[in-house]
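Colleague: Quick one: the structure is below, and I'll ask about it shortly.
Okay, here's the thing in structure tokens:
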């Protein structure tokens with residue numbers, strides 16, 4: 001988190017005994033959701049005990065993660081949580097923070113590259129777009145294989161059953177080749193995403 005509140009300063013959040021959080025930059029009480037939003041906006045802040053001045057930032061950030069995990073918005077797999085707990089008190093505990101920091105920075109950098117590659121779109125937009133393309137291709141293929149059914153909604157059966165027209169073999173082969181090519185492209189894209 002490198003950004004501040006506009007002036008390059010770190011925003012100070014005071015935590016009171018009643019667990020209320022006070023943002024000194026806006027002179028208002030805030031919630032954990034507000035602090036999570038500050039994190040997403042890369043606003044640098046620290047949480048201090050209002051009475052003693054003790055730094056409570058780590059505890060509050062951990063509390064935000066706890067809240068997200070218990071609300072069902074979990075991002076941490078059980079195996080990761082178990083391994084993380086297992087590192088506490090062990091010799092690897094001293095190396096773990098640096099390694100996790102490096103890993104998260106690498107993950108964030110790869111996310112940025114993915115966003116730029118997709119023109120700033122959300123990563124899921126890529127998969128959504130790909131799914132739409134696949135459905136369009138599937139529909140086109142179905143129209144080629146069942147020409148009498150094109151444009152007919154499933155709940156509206158044709159008035160007179162039409163005898164299916166025989167598709168020329170070369171058109172079916174072309175459709176199958178197009179489907180295979182699209183599947184190959186999708187596989188390559190998935191493999192390249194998994195390597196990043």
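Residue numbers (this note's numbering): 1 to 196.
Glycine residues also receive a C-beta, built at the ideal position from the N, C-alpha and C atoms.
All values derive from a computational prediction rather than experimental measurement.
So, with DSSP's three-state summary, where would you put residue 12?
Modeller: Of the three classes helix, strand and coil, the one that applies to residue 12 here is strand, per DSSP.
Colleague: How many angstroms separate the CA atom of residue 15 from the CA atom of residue 31?
Modeller: Near 11 Å, if we compare the C-alpha coordinates of residue 31 and residue 15.
Colleague: Check residue 32 in the structure and name its three-state DSSP category.
Modeller: Residue 32: helix per DSSP, three-state reduction.
Colleague: Check this for me: beta carbons of residue 66 and residue 11, under 7 Å apart or not?
Modeller: Cβ atoms of residue 66 and residue 11: not closer than 7 Å.
Colleague: Taking Cβ to Cβ, would you say residue 108 is nearer than 7 Å to residue 64?
Modeller: Their beta carbons are not under 7 Å apart, which means residue 108 does not touch residue 64 by this criterion.
Colleague: If you count every other CB in all the chains shown that lies within 10 Å of the CB of residue 13, and 16 or more means buried, which is it?
Modeller: Classification of residue 13: buried, given that the 10 Å Cβ count is 16 or more.
Colleague: According to DSSP, simplified to helix, strand and coil, what is residue 67?
Modeller: Three-state DSSP puts residue 67 in a helix.
Colleague: Please state whether DSSP places residue 19 in a helix, a strand or coil.
Modeller: Looking at residue 19 - three-state DSSP - the assignment turns out to be coil, as it is neither helix nor strand.
Colleague: Can you tell me the Cα-Cα spacing of residue 163 and residue 185, whole angstroms?
Modeller: With a pLDDT of 49 at residue 163, under the threshold of 50, the predicted position of this residue should be treated as unreliable, though the coordinate-derived value follows. Cα-Cα distance, rounded: 36 Å.
Colleague: Whole-angstrom Cβ separation of residue 78 and residue 87, contact assumed at under 8 Å?
Modeller: That belief does not hold up - the Cβ atoms of residue 78 and residue 87 are roughly 15 Å apart, past 8 Å.
Colleague: What residue does the alpha helix (DSSP H) around residue 112 start on, and which one ends it?
Modeller: Counting along the chain, the alpha helix (DSSP H) containing residue 112 begins and ends at 96-117.
Colleague: With which residues is residue 87 paired in a DSSP beta bridge?
Modeller: Beta-bridge pairing links residue 87 to no other residue.
Colleague: Who are the Cβ neighbours of residue 218 in its own chain at under 8 Å, not counting the five residues just before and after it?
Modeller: The first residue shown for the chain is 1 and the last is 196, placing residue 218 beyond what the model contains.
Colleague: To the nearest whole angstrom, what separates the beta carbons of residue 38 and residue 47, a pair I think is in contact under 8 Å?
Modeller: No, residue 38 and residue 47 are not in contact; Cβ-Cβ is about 11 Å, not under 8 Å.
Colleague: Could you tell me whether the Cβ atoms of residue 20 and residue 29 are closer together than 7 Å?
Modeller: Result yes, Cβ atoms of residue 20 and residue 29 sit closer than 7 Å.
Colleague: Assuming the contact rule is C-beta atoms closer than 8 Å, residue 82 and residue 74 should be a hit. Round their C-beta distance to whole Å, please.
Modeller: That belief does not hold up - the Cβ atoms of residue 82 and residue 74 are roughly 14 Å apart, past 8 Å.
Colleague: What does residue 47 pair with, by DSSP beta-bridge criteria?
Modeller: Residue 47 pairs with 13.
Colleague: I'd like to confirm the pairing. Which residues does DSSP put opposite residue 55 in its beta bridges?
Modeller: Residue 55 pairs with 48.
Colleague: If I measure Cβ to Cβ from residue 181 and keep anything under 6 Å in the same chain, skipping five residues before and after, which residues do I get?
Modeller: Closer than 6 Å at Cβ, skipping near neighbours: no residue.
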